[in-house]
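Asks: This is the structure, below, for whatever I ask next.
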Amino acid sequence: MENQETILFEGELDPTFFDEVAALPEGAHLRSCIQCGTCGGTCPVSPMLPHTPRKLFAMIRAGMKDAVLSSPTPWVCSSCYECTVKCPAEIKITELMYALKRRAIREGVRCEDSDADRFLRQFTRIVAKNGRSHELSLLMRYMMFKHPIQMLKQTGLGLRMMGKGRMPLFSHKVRDKESYSRMVEKALELGAQEGGVQ
Ligand code: SF4
Ligand code: SF4
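Position in the sequence shown (first residue = 1) + 305 = this note's numbering.
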């Protein structure tokens, strides 16, 4: 994903967007973001994020509604909650990612980034299969074909994260797999009806 900077004119900004997002239940404490960057620094998928949570929240504050809603970041987010746990302002970062995705779907804004789309599909496959995300499988499946050189460069970091128990080697599965599979099927069916990600 390329990180392109774009010049925006004031007329292209939505001055109400920040207040709208901050008023959501998921937006609690958003006004307290101190732009410390802890979220991006702890995010296991930050190399694939065109906008870290810190940057995305700065864009929300600036009223860059279109850019925020079309950003691949919420779609690439693997919902590991690492940033949420570490955020000193107690911002519900992961929940905000979900809220932004729902808003994008409601407004018909699709994430056009093929990288993000591919990442999202891999994530959905892993969660649909095991009932839980597994960051290592996700990174391997996504990066092996798309960014093999970058993956090799990140090997040291990956090994250190595994050593500290922050990226488990094996995935864990939910206990009642049958009920879970039925629930996933129903969710995918409803998502398809609403035009969501399939
Ligand atoms: S960790 Fe929290 S306070 Fe720091 S930049 Fe991220 S969202 Fe803002
Ligand atoms: S919840 Fe999403 S944004 Fe936060 S650290 Fe995990 S992958 Fe990154």
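Built from N, CA and C at the ideal position, the CB exists for glycine as well.
1. Applying the 10 Å Cβ sphere with the 16-neighbour rule, what's the burial state of V326?
2. Applying the criterion that 16 or more other CB atoms from any shown protein chain within 10 Å of the CB defines a buried residue, is A409 buried or exposed?
3. Using the Cα positions of R480 and I365, report the straight-line distance between them to the nearest angstrom.
4. Work out the CA separation of M466 and P349 for me, nearest whole Å.
5. Determine the DSSP secondary structure at Q459, reduced to helix, strand or coil.
6. Enumerate, from N- to C-terminal direction, the unbroken alpha helix (DSSP H) stretches of 4 or more residues contained entirely within the stretch 315 to 373.
7. Beta carbon of K406, beta carbon of E331: below 7 Å?
8. Using DSSP with H/G/I as helix, E/B as strand and the rest coil, what is M466?
9. Where do the ends of the alpha helix (DSSP H) carrying Y386 lie?
10. Using only Cβ atoms and a threshold of 6 Å, which residues come within that distance of a heavy atom of ligand 1? Order them by chain position.
11. If the criterion is Cβ atoms closer than 7 Å, does the pair N435 and S476 meet it?
12. Express the C-alpha separation of R411 and T378 in angstroms, rounding to a whole number.
13. Does the Cβ-Cβ distance between S351 and A394 come in under 7 Å?
14. If you reduce the DSSP assignment to three classes, tell me which class E395 lands in.
15. In three-state DSSP terms, what is M449?
Replies: Reading off the structure:
1. buried
2. buried
3. 39 Å
4. 9 Å
5. coil
6. Listed in chain order, the complete alpha helix (DSSP H) runs (minimum 4 residues) inside the stretch 315 to 373 are 322 to 327, 343 to 347, 358 to 367.
7. no
8. Here M466 sits in helix by DSSP.
9. Unbroken run through Y386: none, as it is neither H nor E.
10. The set, ordered by position in the chain, is C338, I339, Q340, C341, G342, T343, C344, P358, R359, F362, C392, P393, A394, I396, I398.
11. yes
12. 17 Å
13. no
14. Correct three-state label for E395: coil.
15. Looking at M449 - three-state DSSP - the assignment turns out to be helix.
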